[in-house]
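Asker:
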Amino acid sequence: MILLVLFFCIQFTSCNKSQEKTDSVDVYTLKGPSAISMVQMIDETHTLKGKEVHFKIKNEPLQIRSLIFQKKADFAIVPTNLAAIIHNKKPGYQLAAVPVWGTLYLFGSHSEISNWEDLKNKRIHLMAKGMTPDVMFRYLLKEHGLKPGTDIQLDYSFPTHIELANAVASEKAKMGVISEPLVSMVMHKNSNVKSIMSLNSEWKKVTDLEIPQTALLVNKNFAIQNPEIVSLFLSKYQQSCQWINENHEKGAQLITKYKILNNKGIAKNSIPRCNIRFEYAEDIKPLINEYLNTFYQMNPNIVGGKLPDEKFIYKK
Amino acid sequence: MKNLFTKNKTYTFISVVFLIILWKAGSLMVSSEFILPSPEKTFFSLIQLTTEPEFFNTIGSTILRGLLGFFISFILALSLGIFAGIQEKFRAFLQPLLVTIRSTPVISLILLALIWFNVNQVPVFIALLTMFPFICTNIIDGIRNVDHDLIHMAQVYRIRNKNIIRHIYIPAIMPYIFSGTSSAMGFGWRAIIIGEVLSQPTYGIGTLMQNAQTYLLTDRLIAWTVLAIIISYFFDLLIRFIEKQSITWKQT
Amino acid sequence: MSIQIVNLYKNYNDQQIFRDFSITLQENQISCILGPSGCGKTTLLNILSGLTNTNSGIINGLSGKIISYIFQDPRLLPWKTVRENIRFVLPEQDKKESDEKILLYLKMVGLSDFINHYPNQLSGGMKQRVSIARAFIYPSDIILMDEPLQTIDPKLKLSLMKTFLKIWKNDNRTVLFVTHDVDEALILGKDIFIFSHPPVSIKNILKNPLTPEEKSIDNKHFFELKKKILSYLD
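Protein chains in written order, with the numbering used here: chain A, 2 to 317; chain B, 483 to 734; chain C, 552 to 785.
Below is the structure:
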């Protein structure tokens, strides 16, 4: 009986180590600005150097995280701080590029808010405690002298994007922090809801830097074995990001075609708010480190206990 | 008799030690601190947890929610259950409600509760819905299993209904109440913690579990789990103790 | 005042148990109904104790009367001590008063040492003795007994019957008991009614002539009467 149990343990662990990977290029992106940034590539790039490319759009970062642990992803989009946590706990993926910058907005039906002082004694809804929007917002609160709990109430009762968006649309939540494209979607549903602040701009005001919010990760082993594919992918992605910023009309069409959003009007309005701009991670290393360091100072756990080392950034 | 008792306890002890060894072996094989941390690291985290400033608030909040959910469930189940056990028609009326609540997946209840209630109430509501049908059904069964010969005797001796309930029905269903309660509490604690994970109240074990998960602090996650198990076990022992004190007549 | 049942009609599950049945039970006397199983003896007790309705008929002498019952099985509450079990049927009385009474009766049935024991610590015979004490302590006018010695070890039956008679002697309450055991009828009963199968009629009434000394199985007079009764029962 004891041997049986041990046997299963061994099977389980060895199974994890030798995952059979299909001979295709698997790309996982998040529904939202990152998928929007990739949409031209999704439409046109079907093979790279003879290998089939599969794009999969996931709803939650946690889903992509688990695919990363299973080493199923060749390329993956995750929030940048999650990329750091992954690198610190289970290295194997490197940060190749930042395609999407700050997309978080404070929005809601409280129209009288015009500055941080006005937020005193208000209730702000955030998604999950510890995730990027929460951390970012609390950093900005701290910088403006507002203490959560005493000066301002933070409410986490709507744990996913969709629930929080619906709550703001129905005005059950008067104010929330959420990412594009949900901001545009909710504003379309309820004209009372306005965008109150762009966290990206507020961050810039305080730190003089923008928010490298979303990271493109590449599987290290995959990159070592297929450096040309990686380089090709990155340049095509760069093109895709440029294209969508210059082609709102056609972009909106593709966005609805691939079911990222279901309304062309919303899609079109959303594109500029998505803050899409492709930068190679290698080129903006100091900026990324600054960003992670800000979080590290607040709570080291947010970036995985320590600042990621040199190996975190992918070198072209 | 005493020898047999010691023997059983020894086996329990061996089993626990064996599980810990298995755990250690597993963590060595996996050799990744965040997928399966070693027992020592987890134990160390556990100790660390207890020294953190919010520890008592966290444990206290979770326990309070659990107890609140339990007491409401219990009182509701006792009153409705006794009535349903005695009155056949009311039992038929109550039955669909009990079956529905029992069969609904806990997660559906949680997601609905998130829409209806505030973050601190959600776990209590979930615990309530998890425990109530269980205790109620047990009490109904208990009442229906009451020896009708005893009821007949009381009726012939013209005992008042309230005394029949107090001196016959309630003592007769005590074993059912205790077994129902002890099982229900087991579910209840689990439901509270799931509720807390999803509703994220300011203080709660579930909240901190979710945090640990977000930051991939697996040792903390397991440490909180161990604490949750300890709490559940403690209350189970408490119920057994109270049972022993009340049902003295059975031991003689 | 004696109990009179006149022109009783009673159906039970399509079977007519009593059809124009009448019987008179003398007060302050132990009456016995002797008959085969299923002949409506229990039904009659249920009617007298108010558990079952009649289809028609008149019952005199019961109005305002309180009834004690001794069942085939002791029917003690397992979670109460002997003392508490008896006190259970006396809810209105003053605790001290009832405690004294309980001790007295338990002495009479020889169980005063077990006053704080639980039923599961007592034998079947002891439990039935408690049931007897309970029936007597209860302030009733009439005691009904339904085959009370059915579950008792044959060796104990005689001592239990003697105990019953001992208590009853000071009390003289009207007692009606049903049995199918002729020995019991002859030892306990004064008026012995022999029932037929349903629809029930009284086959014979026997006024028990035996003296207390003659009430023994090996007594000649006892044996003859028993033979006679057995012939009536066939």
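Glycine included, every Cβ here is placed at the ideal spot set by N, Cα and C.
Quantities reported herein were computed from a predicted structural model and do not represent experimental measurements.
#1: On a Cα-Cα basis, can you pick out the residue from A:Val-136, A:Leu-235, A:Ile-43, A:Ile-37 that is closest to Tyr-697 of chain B?
#2: So the alpha helix (DSSP H) Met-696 of chain C belongs to, where does it begin and stop?
#3: Around the C-beta of Glu-21 of chain A, are 16 or more other C-beta atoms found within 10 angstroms, so that it is buried, or is it exposed?
#4: Measuring only between beta-carbons, confirm whether Phe-773 of chain C sits less than 8 Å from chain B.
#5: Hey, how far is the Cα of Thr-586 of chain B from the Cα of Leu-217 of chain A?
#6: Helix, strand or coil: how does DSSP classify Asp-704 of chain C here?
#7: On the CB-based measure, 16 or more other CB atoms within 10 Å of its CB, does Ser-185 of chain A come out buried or exposed?
#8: Which residues in the same chain as His-55 of chain A place their Cβ atom closer than 6 Å to its Cβ, once the five residues preceding and following it in sequence are excluded?
#9: For Phe-565 of chain B, I'd like the list of residues in its chain whose CB is within less than 7 Å of its CB, leaving aside the five on either flank, ordered along the chain.
#10: Could you give the uninterrupted runs of the alpha helix (DSSP H) lying entirely in the segment 608-660 of chain C, keeping only those of 4 residues or more?
#11: Examine chain A for any beta-carbon lying closer than 8 Å to the beta-carbon of Thr-494 of chain B, and answer yes or no.
#12: Does DSSP classify Leu-698 of chain B as helix, strand or coil?
#13: Helix or strand or just coil, what does DSSP make of Cys-583 of chain C?
#14: Trp-731 of chain B to Gln-644 of chain C, Cα distance in whole Å?
#15: So Leu-628 of chain C contacts chain B; which residues on that side make the cut at Cβ distance below 8 Å?
#16: Buried or exposed for Ser-553 of chain C, please, with buried defined as at least 16 other CB atoms from any protein chain shown within 10 angstroms of its CB.
#17: Cα separation between Ala-705 of chain B and Thr-524 of chain B?
#18: Using a threshold of 8 Å, state whether the C-beta atoms of Ser-600 of chain C and Tyr-689 of chain C are closer than that.
#19: Only counting the same chain, and skipping five residues up and downstream in sequence, which positions put a Cβ closer than 6 Å to that of Gly-563 of chain B?
#20: Near Ile-230 of chain A, which residues of its chain fall below 6 Å by C-beta distance, leaving aside the five closest residues on each side in sequence?
#21: Taking any Cβ of chain D, which residues in the segment 117-133 of chain A have a Cβ under 9 Å from it, in chain order?
#22: To the nearest angstrom, how far is it from the Cα of Asp-722 of chain C to the Cα of Asn-667 of chain C?
#23: Which residues in the same chain as Ala-77 of chain A place their Cβ atom closer than 6 Å to its Cβ, once the five residues preceding and following it in sequence are excluded?
#24: Which runs of the alpha helix (DSSP H) at least 4 residues long sit entirely within the segment 116-169 of chain A? Give them in chain order.
#25: Can you name the residues of chain C whose CB is closer than 8 Å to the CB of Ile-641 of chain B?
#26: Between Asn-645 of chain B and chain C, is the shortest Cβ-Cβ distance under 8 Å, so that the two count as touching?
#27: Is DSSP giving Asn-17 of chain A helix, strand or coil here?
#28: From Tyr-563 of chain C to Pro-750 of chain C, what distance separates their C-alpha atoms?
#29: Under 6 Å Cβ to Cβ from Ser-747 of chain C, same chain only, skipping five residues before and after it: list those, please.
#30: Taking 8 Å as the CB-CB cut-off, is Asn-276 of chain A touching chain B?
#31: Does Trp-706 of chain B come within less than 8 Å of chain C when only Cβ atoms are used?
#32: Within the continuous alpha helix (DSSP H) that includes Leu-528 of chain B, where are the two ends?
#33: Using a Cβ-Cβ distance under 8 Å, would Val-628 of chain B count as near chain C?
#34: Helix, strand or coil for Ile-675 of chain B? Go by DSSP, reduced to three states.
#35: Just list the residues that DSSP pairs Lys-561 of chain C with in beta bridges.
#36: What does His-55 of chain A pair with, by DSSP beta-bridge criteria?
Answerer: Quick answer:
#1: Closest by C-alpha distance to Tyr-697 of chain B, out of A:Val-136, A:Leu-235, A:Ile-43, A:Ile-37, is A:Val-136.
#2: Careful: Met-696 of chain C lies outside any alpha helix (DSSP H), inside the beta strand (DSSP E) at 693-697.
#3: Because the pLDDT of Glu-21 of chain A is 48, which lies under 50, any placement of that residue in the model is unreliable, and the question is left without a value.
#4: With 8 Å as the cut-off, Phe-773 of chain C does not count as an interface residue toward chain B.
#5: 40 Å
#6: coil
#7: By the neighbour-count rule (16 or more Cβ atoms within 10 Å), Ser-185 of chain A is buried.
#8: If we look at His-55 of chain A and ignore the five residues flanking it on each side, its Cβ neighbours are Ser-25, Asp-27.
#9: Phe-572
#10: 633-639, 646-659
#11: no
#12: coil
#13: Here Cys-583 of chain C sits in strand by DSSP.
#14: 25 Å
#15: Leu-632, His-649, Ile-650, Pro-653
#16: By the beta-carbon neighbour count (other beta carbons within 10 angstroms, threshold 16), Ser-553 of chain C is exposed.
#17: 6 Å
#18: no
#19: Cys-618, Ile-621, Ile-622
#20: Leu-49, Lys-50
#21: Absent here is chain D; the protein component of the structure consists of chains A, B and C.
#22: 26 Å
#23: Tyr-29, Ile-65, Ile-69, Leu-218
#24: Whole alpha helix (DSSP H) segments, 4+ residues: 133-144.
#25: Neighbours of Ile-641 of chain B on chain C, chain order: Phe-639, Val-640, Pro-642.
#26: yes
#27: At Asn-17 of chain A, the pLDDT of 49 sits below 50, so the modelled position is not reliable; the number obtained from the coordinates is stated separately. Asn-17 of chain A falls in the helix class under three-state DSSP.
#28: 11 Å
#29: Apart from sequence neighbours up to five positions away, the residues of its chain that approach Ser-747 of chain C with a beta-carbon distance below 6 Å are Lys-754, ordered along the chain.
#30: no
#31: no
#32: 521-533 is the span of the alpha helix (DSSP H), which, as asked, contains Leu-528 of chain B.
#33: No, Val-628 of chain B does not count as interfacial toward chain C.
#34: helix
#35: C:Phe-569
#36: DSSP lists A:Asp-27 as partners of His-55 of chain A.
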